[in-house]
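Residue numbers (our numbering): 1223 to 1884. Quick reminder that beta carbons are idealized off the backbone N, C-alpha and C, glycines included. Take a look at the structure below.
Spelled out as structure tokens, the structure:
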């Protein structure tokens, strides 16, 4: 029995029994089947195949009629889907896995060759391959094309991409679930007979990036969802795109490029923002702060409230509505299905995968999602997180994506075992050995080829640790000055590592951080922005751990702007440490992650770089930091004062529950 806002313990126990029965030779009987029982066959099974369909969502394709084209506006939205069907005999019934694509991507349309998956493949590509292979393992896969992507664009009756708006894309996906239920007999879907949830059937969600972001509001708002597996996605897009109220020009520009190369039809607001910070605007680098962006958007008639609503209406917004006991939307608004009652988040089995070196959605985003869903979870409902060396890589920072693995924990095997248990009731060693928390601690240097190493932990470390095996690392006062002439980072030591078997793993935190303009370089009206990350000084070299840093705009901050928390949390990291390592904070005047992306076509004689982001090939690009662009970054001198800087450092051999997997 599925209940909105809670999880039935009786149902959980039933799953456990089903799982044990599935591995028993004799089985436990019963007519309900998830896939075909071992040995059952028929003379002429229907073959594995992929069917193409369209689903009509009873919502308008444009919510911005005053700014969109009358010729493409429609009262409904057409959603294109691919249905991956397994080999099947009469009487077989299968659970469904709904998959979403990345931003700028499109639905999957072809079966995998053999369903084996690729444990050594790049994280995001491996997850897509796993999905395409699910029909080999007793699943129906449904790959959806979100509004504004692929074929689901206005000229085909589709919509404008609203960045996973719970009142648009989420309701489109609810319509897809309704449609699947209506086609249950044709597709041989396993229904949830006796459930108190209307039109219920076995369904899980999977996908990375944008395809991870769609899972949270759908799982929270539709009680049919049995489990979710988000990969490399966000908690707060405002925090991801504007961390510390600074514009993440590097990846913001790359996202706009993905939209163009993927043919995304954005809403006018997002299209305007891409015109301002995108790769084909040589002035994009002048928009460095939230204040800059708001002012530039206002010139085109957009308010700050509109900007915030577009990028901050996802899991973080739903979490705050739950805390404040508000409805999830305003009844009567287009796409709002709330009856005005306070929103209550559901308890749903959740497996999160997130890249340590993901410079768009860092590990702290996964931590916030993990904490929220674990807070909702009823007794016995698992919420787990694995970090990897994959995710969103910035080719301009010479990043190459690693695998979906955390040490010896093989990501694709863990995901398939998770789906098997929660959708088919199949228990396995692979499922039982998925850790609650695993943080990749492979070397940052050449991480994609470094020896795999994962640290299995009983909880998610935040700040300085205490107790057995902890290596306390708190410094009460940290100050630094970055001059306009500094081309190398300013390093401030926090602690020196003594002995072996130490690791930094988790979320560094600050009680407060104050950034002021030193005005040493005649900066004038340019707002100072601090770029800071956790680094290691080793053998005369400085290593920015996991390539992660955050930006902080001038002012005093006691929490991350755009979030409601009680400390300033930096991007999460994981790294094995060596005897003599000096661990501290590195402060940069400029950094490629926060420097505008420039199309090489705009620079005479420039050849640029061809790379990949989220599996998508890119045309020739340059960073505005490159001297060949002829663009000059404004001097950015600043002073920093930090209170209570804390690092999560531990002894992997002595910390309770810690296991080094490699």
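Notebook entry, point to check: Which same chain residues, not among the five before or five after residue 1461, have their C-beta less than 7 Å away from its C-beta?
Noted result: Looking up residue 1461 in the chain shown gives position 239. Cβ within range, chain order: 1782, 1784 and 1785.
Notebook entry, point to check: Is the Cβ-Cβ distance between residue 1427 and residue 1412 less than 7 Å?
Noted result: Within the chain shown, residue 1427 is the residue found at index 205, counting from 1. Within the chain shown, residue 1412 is the residue found at index 190, counting from 1. It is not a contact, given that the beta carbons lie outside the stated cut-off.
Notebook entry, point to check: Quick one: complete beta strand (DSSP E) runs, 3+ long, within the region 1658 to 1721?
Noted result: 1659 to 1662, 1676 to 1679, 1696 to 1704 and 1712 to 1718
Check: Quick one, are the C-beta atoms of residue 1773 and residue 1816 less than 7 Å apart?
Finding: Locating residue 1773 in the chain shown gives position 551, counting from the first residue. Locating residue 1816 in the chain shown gives position 594, counting from the first residue. Contact flag set, yes.
Next item on the list: Whole angstroms is fine: what's the gap from residue 1599's alpha carbon to residue 1605's?
Entry: Residue 1599 sits at position 377 when you count from the first residue of the chain shown. Residue 1605 sits at position 383 when you count from the first residue of the chain shown. The straight-line gap from Cα to Cα measures roughly 7 Å.
Next item on the list: Alpha carbon to alpha carbon, how far is residue 1738 from residue 1341? Give it in angstroms, no decimals.
Entry: As a working mapping, residue 1341 is identified with position 119 in the chain shown. As a working mapping, residue 1738 is identified with position 516 in the chain shown. Distance between the alpha carbons of residue 1341 and residue 1738 is about 47 Å.
Notebook entry, point to check: In angstroms, rounded to a whole number, what distance separates the CA positions of residue 1730 and residue 1517?
Noted result: By one-based count along the chain shown, residue 1730 stands at place 508. By one-based count along the chain shown, residue 1517 stands at place 295. Straight-line Cα distance between these residues: approximately 32 Å.
Check: Just checking my contact of residue 1862 with residue 1468 at CB under 8 Å: how many whole Å lie between their CB atoms?
Finding: Here residue 1862 refers to the residue found at position 640 when the chain shown is read from its first residue. Here residue 1468 refers to the residue found at position 246 when the chain shown is read from its first residue. Actually they are not in contact, since the Cβ atoms of residue 1862 and residue 1468 sit about 14 Å apart, beyond 8 Å.
Checklist line | Cα-Cα separation, residue 1701 to residue 1805 | finding: Counting from 1 along the chain shown, the entry for residue 1701 is found at position 479. Counting from 1 along the chain shown, the entry for residue 1805 is found at position 583. Approximately 15 Å, taken between the alpha carbons.
Next item on the list: Return the Cβ separation of residue 1663 and residue 1727 in integer angstroms, given the expectation that the two are a contact with Cβ distance under 8 Å.
Entry: Taking the chain shown and counting its residues from 1, the one referred to as residue 1663 is at position 441. Taking the chain shown and counting its residues from 1, the one referred to as residue 1727 is at position 505. Confirmed, about 6 Å.
Note to self: Helix, strand or coil for residue 1481? Go by DSSP, reduced to three states.
What the structure shows: Here residue 1481 refers to the residue found at position 259 of the chain shown. Residue state, collapsed to three classes: helix.
Notebook entry, point to check: Taking the continuous beta strand (DSSP E) assigned at residue 1449, which residues delimit it?
Noted result: Counted from its first residue, the chain shown places residue 1449 at position 227. That run of the beta strand (DSSP E) goes 1449 to 1453.
Next item on the list: Could you give the DSSP three-state label for residue 1289: helix, strand or coil?
Entry: Position 67 of the chain shown, counting from 1, holds the residue named residue 1289. Correct three-state label for residue 1289: coil.
Next item on the list: Kindly give me the distance between the Cβ atoms of residue 1309 and residue 1334, rounded to whole angstroms, as I take these residues to be in contact under 8 Å.
Entry: Indexing the chain shown from 1 puts residue 1309 at position 87. Indexing the chain shown from 1 puts residue 1334 at position 112. The Cβ separation is near 14 Å, so there is no contact.
Item checked: residue 1767 beta carbon less than 7 Å from that of residue 1625 -> Along the chain shown, one-based indexing puts residue 1625 at 403. Along the chain shown, one-based indexing puts residue 1767 at 545. Taking 7 Å as the Cβ cut-off, residue 1625 and residue 1767 do not qualify as a contacting pair.
Next item on the list: Measure the Cβ-Cβ separation of residue 1840 and residue 1833 and say whether it is below 7 Å.
Entry: By one-based count along the chain shown, residue 1840 stands at place 618. By one-based count along the chain shown, residue 1833 stands at place 611. Yes; because the gap between Cβ atoms is below 7 Å, this pair is in contact.
Notebook entry, point to check: Can you give the Cα-Cα distance for residue 1630 and residue 1280, rounded to whole angstroms?
Noted result: In the chain shown, the residue the question calls residue 1630 occupies position 408. In the chain shown, the residue the question calls residue 1280 occupies position 58. Approximately 46 Å between the Cα atoms of the pair.
Note to self: Looking at the strands, I want to know which residues DSSP matches up with residue 1331.
What the structure shows: Residue mapping note: residue 1331 aligns to position 109 of the chain shown, counting from 1. None; residue 1331 has no bridge partner.
Notebook entry, point to check: Looking only at its own chain, which residues have a Cβ that is under 8 Å from the Cβ of residue 1837, when we skip the five neighbours before and after it?
Noted result: Numbered from 1 along the chain shown, position 615 holds the residue referred to as residue 1837. Around residue 1837: 1324, 1327, 1344, 1346, 1347 and 1350.
Margin query: If you reduce the DSSP assignment to three classes, tell me which class residue 1847 lands in.
Written below: Here residue 1847 corresponds to residue number 625 of the chain shown, with the count starting at 1. Coil at residue 1847, not helix or strand.
Next item on the list: Using the Cα positions of residue 1488 and residue 1319, report the straight-line distance between them to the nearest angstrom.
Entry: By one-based count along the chain shown, residue 1488 stands at place 266. By one-based count along the chain shown, residue 1319 stands at place 97. Whole-angstrom Cα-Cα distance: 27 Å.
Checklist line | Inter-residue Cα distance where the pair is residue 1757 and residue 1764 | finding: Within the chain shown, the letter at position 535 stands for residue 1757. Within the chain shown, the letter at position 542 stands for residue 1764. Straight-line Cα distance between these residues: approximately 7 Å.
Check: According to DSSP, which residues form a beta bridge with residue 1728?
Finding: The residue you call residue 1728 lines up with position 506 of the chain shown. Residue 1728 pairs with 1795.
Check: Assuming residue 1882 and residue 1677 make a contact with CB atoms under 8 Å, what is their CB distance in whole Å?
Finding: The residue you call residue 1882 lines up with position 660 of the chain shown. The residue you call residue 1677 lines up with position 455 of the chain shown. Between residue 1677 and residue 1882 the Cβ distance is about 6 Å, and since that is below 8 Å, they are a contact.
Next item on the list: Report all residues from its chain with a CB closer than 8 Å to the CB of residue 1900; omit the five preceding and five following residues, and keep chain order.
Entry: Nothing can be reported for residue 1900, as the shown portion of the chain is limited to 1223 through 1884.
Check: Can you tell which of 1818, 1388, 1458 and 1582 has its C-alpha closest to the C-alpha of residue 1555?
Finding: To locate residue 1555, count along the chain shown from 1; it is residue 333. When only C-alpha atoms are compared, the closest one is 1388.
Check: If you drop the 5 nearest sequence neighbours on each side, which residues of the same chain put their C-beta closer than 6 Å to that of residue 1567?
Finding: For this step, residue 1567 is matched to residue 345 along the chain shown. Only 1442, 1544 and 1598 meet the Cβ criterion.
Item checked: DSSP state of residue 1522 mapped onto helix, strand, coil -> As a position in the chain shown, residue 1522 is number 300, starting the count at 1. Coil at residue 1522, not helix or strand.
Check: Just the Cα atoms here: how many angstroms apart are residue 1282 and residue 1550?
Finding: The residue labelled residue 1282 in the question sits at position 60 within the chain shown. The residue labelled residue 1550 in the question sits at position 328 within the chain shown. If I take the Cα positions, the gap works out to 20 Å.
Checklist line | Contact check, residue 1721 vs residue 1801, beta carbons under 7 Å | finding: As a first step, residue 1721 must be located in the chain shown, where it is residue number 499. As a first step, residue 1801 must be located in the chain shown, where it is residue number 579. Yes, these two residues count as a Cβ contact at 7 Å.
Notebook entry, point to check: So, residue 1457 versus residue 1591, is the Cβ gap smaller than 7 Å?
Noted result: Start at 1 with the first residue of the chain shown, and residue 1457 comes out as number 235. Start at 1 with the first residue of the chain shown, and residue 1591 comes out as number 369. Contact flag set, yes.
Check: Taking just the CA atoms, how far does residue 1846 sit from residue 1712?
Finding: The residue given as residue 1712 occupies position 490 in the chain shown. The residue given as residue 1846 occupies position 624 in the chain shown. Computed Cα separation, rounded: 21 Å.
Item checked: Run of the beta strand (DSSP E) containing residue 1772, from where it starts to where it stops -> Position 550 of the chain shown, counted from the first residue, corresponds to residue 1772. First-last of the beta strand (DSSP E) with residue 1772: 1772 to 1775.
Note to self: I'd like the span of the beta strand (DSSP E) that includes residue 1576, first residue to last.
What the structure shows: Numbered from 1 along the chain shown, position 354 holds the residue referred to as residue 1576. Unbroken beta strand (DSSP E) run through residue 1576: 1572 to 1577.
Next item on the list: List in chain order: all unbroken beta strand (DSSP E) runs of 3+ residues lying wholly within the region 1561 to 1615.
Entry: 1572 to 1577 and 1605 to 1610
Note to self: For residue 1707, tell me which candidate among 1719, 1858 and 1587 has the shortest Cα-Cα distance.
What the structure shows: What you label residue 1707 is simply residue 485 of the chain shown in a count that begins at 1. It is 1858.
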